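These notes concern the structure reproduced below.
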Amino acid sequence: MTTRIERLQAEFAGLSIDSFLVSSPSNQRYLVGTSVEPGDGYLLVTQTDAVFITDARYEAELASTMPAVPKNITRDYLQAVDDALEAAGATVLGIEDSLTLAEFEWLDEHLMTDIVPLPNVVDTLRQVKEPAEVAAIRRATALTSEGVLALLEVLHAGMTERQAAQWLERWMQDHGATGPSFGTIVASGVRSAWPHGQASDKVLATGELVTIDCGFYVDGYTSDLTRTVALGDPGTELTAAYHAVQTAQEKIMAAVRPGVTGDALDVIGRQYLTDHGYGPAFIHGTGHGIGLDIHEGPNIGRGWPDVLTANEVITVEPGVYFTGKGGIRIEDDLLVTDAGHEVLTTVPRNLIIL
1 MTTRIERLQA EFAGLSIDSF LVSSPSNQRY LVGTSVEPGD GYLLVTQTDA
51 VFITDARYEA ELASTMPAVP KNITRDYLQA VDDALEAAGA TVLGIEDSLT
101 LAEFEWLDEH LMTDIVPLPN VVDTLRQVKE PAEVAAIRRA TALTSEGVLA
151 LLEVLHAGMT ERQAAQWLER WMQDHGATGP SFGTIVASGV RSAWPHGQAS
201 DKVLATGELV TIDCGFYVDG YTSDLTRTVA LGDPGTELTA AYHAVQTAQE
251 KIMAAVRPGV TGDALDVIGR QYLTDHGYGP AFIHGTGHGI GLDIHEGPNI
301 GRGWPDVLTA NEVITVEPGV YFTGKGGIRI EDDLLVTDAG HEVLTTVPRN
351 LIIL
């Protein structure tokens, strides 16, 4: 079986490089199954080998988590990179955009090897998920769906946004999640018009919309789910907007299949919302890939040429926002299949009035 390191090495010729420095923790984890904190070491891949360069704080851990990968334990990480490149006879090194400016300047000053910035090389390899990755995402999306449904059983006027977010995070961790992949969003009333409104001490009130946007890790892979619910009747204007977003999302999801572009999916939902008078209120992209990170390829939005492939996992999340009134976003996670797609998240998408 071809390893992930070998898949990366197979890209070298087309990229005109003979070595690659992996600084992104998520990309390190993808390639060798583990990672260190940003700046605490690097995975260096040459045409014939790979070595993980880090210090003694990680030595015992890496011996357990990736016993087959050679390690160089040192505090002088970048000098070790230089030495390994010289020993391998490397002439062109690809680097990721997660390197800091200081790290790049050191490499640029000291390496005899040419340096080529190459963002998204490993990220692109990560887009198409292997069966074990899909299985982990299934577990994450299933548990997150259960958690949001459990939260809706206890959500009520008088709670604060922060209490609701903390309740959900505790429930998820009590039931097997290892933690959130971003700060759980609970935004109510006029604050629901803030797409990334973090949970605050605002008290939930009757008649308000409440947007809950969350993602949780299970077995290293994340989910991403958003629901907007109402605490009592939100009024005809916001109810109509909700139904428009729901229909737009349904139209987008129906078109998800291999071969369609991110731009084409975005056009479907954006045009529907525009035709119904909500175009200016849709102020963000339609979706993105998920996996080891909460945001990864492919991109689903205006102008994105990314072409969907089977076994990618994406979000579809149209939304509309009205300053001073409220906002609506509905988000689900979809597995792209050979025949089309499968919706992985299972919370009802109709307007839930609590």
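Counting from 1, position 327 in the sequence shown corresponds to residue 327 in full-length UniProt numbering; the numbering is continuous, with no gaps. Here a beta-carbon is modelled for each residue, glycine too, at the ideal position from N, C-alpha and C. Nothing here was measured: the structure is a model prediction, and the numbers come from that model.
- In the three-state reduction of the DSSP assignment, I328 falls in the strand class, which pools E and B.
- Assigned with DSSP and collapsed to three states, S145 falls in helix.
- For the options P38, S35 and T46, the alpha carbon positioned closest to that of I17 is the one of T46.
- Taken in chain order, the complete alpha helix (DSSP H) segments of 4 or more residues contained in the stretch 284 to 349 number zero; there are none.
- M112 and P70 have their C-alpha atoms roughly 23 Å apart.
- R302 is not a Cβ neighbour of T226, given a cutoff of 8 Å.
- Segment contact: the stretch 205 to 213 against the stretch 177 to 192, three or more CB-CB distances shorter than 8 Å; contact assigned.
- The beta carbon of I115 is closer than 7 Å to those of L93, I95, L107 and D108 in its chain, skipping five residues each way along the sequence.
- Residue range P25 to V32 is occupied by the alpha helix (DSSP H) that includes N27.
- A distance below 8 Å separates the beta carbons of L265 and A255.
- The residue from D55, R57 and L334 with its alpha-carbon nearest to that of V343 is L334.
- For secondary structure counted as the beta strand (DSSP E) over 3 or more consecutive residues, the stretch 207 to 291 holds these complete runs in sequence order: 209 to 214, 216 to 218, 225 to 230 and 287 to 289.
- Contact between P180 and G215 is confirmed by a C-beta separation of about 6 Å, below the 8 Å threshold.
- The Cβ atoms of L62 and T54 sit closer than 8 Å to each other.
- Runs of beta strand (DSSP E) with 3 or more residues, each lying fully within the UniProt domain "Creatinase N-terminal" (4 to 128), are found at 19 to 22, 41 to 46, 50 to 54, 71 to 73, 92 to 95 and 114 to 117, listed in chain order.
- If you compare the alpha carbons of N72, P195 and V307 with that of G262, the shortest gap goes to V307.
- Here the C-alpha atom of T124 lies approximately 21 Å from the C-alpha atom of R138.
- Across the structure, A13 and G269 are spaced so that their CA atoms are roughly 40 Å apart.
- Each residue's CA atom was taken as its position, placing T144 and F52 some 34 Å apart.
- By the 16-neighbour rule on beta-carbons within 10 angstroms, I290 is buried.
- Cβ-Cβ separation between Y242 and T228: approximately 7 Å, consistent with a contact (criterion under 8 Å).
- Annotated three-state conformation of G179 is strand, per DSSP.
- The residue from R349, P38 and P131 with its alpha-carbon nearest to that of D97 is P38.
- For A205, the secondary structure class from DSSP, reduced to helix, strand or coil, is coil.
- W171 and A205 do not touch by the CB rule: their CB atoms are close to 23 Å apart, not below 8 Å.
- Distance from the Cα of G319 is smallest, within the candidate group Q271, I352 and H284, for H284.
- DSSP links V134 through a beta bridge to no other residue.
- Look at A187 here: in three-state DSSP terms it is strand.
- When the Cα atoms are used, L8 and D233 turn out to be separated by approximately 54 Å.
- Taken through DSSP and simplified to helix, strand or coil, A165 comes out as helix.
- Each of P67, D174, A230 and V134 was checked against the Cα of I352, and the nearest Cα belongs to A230.
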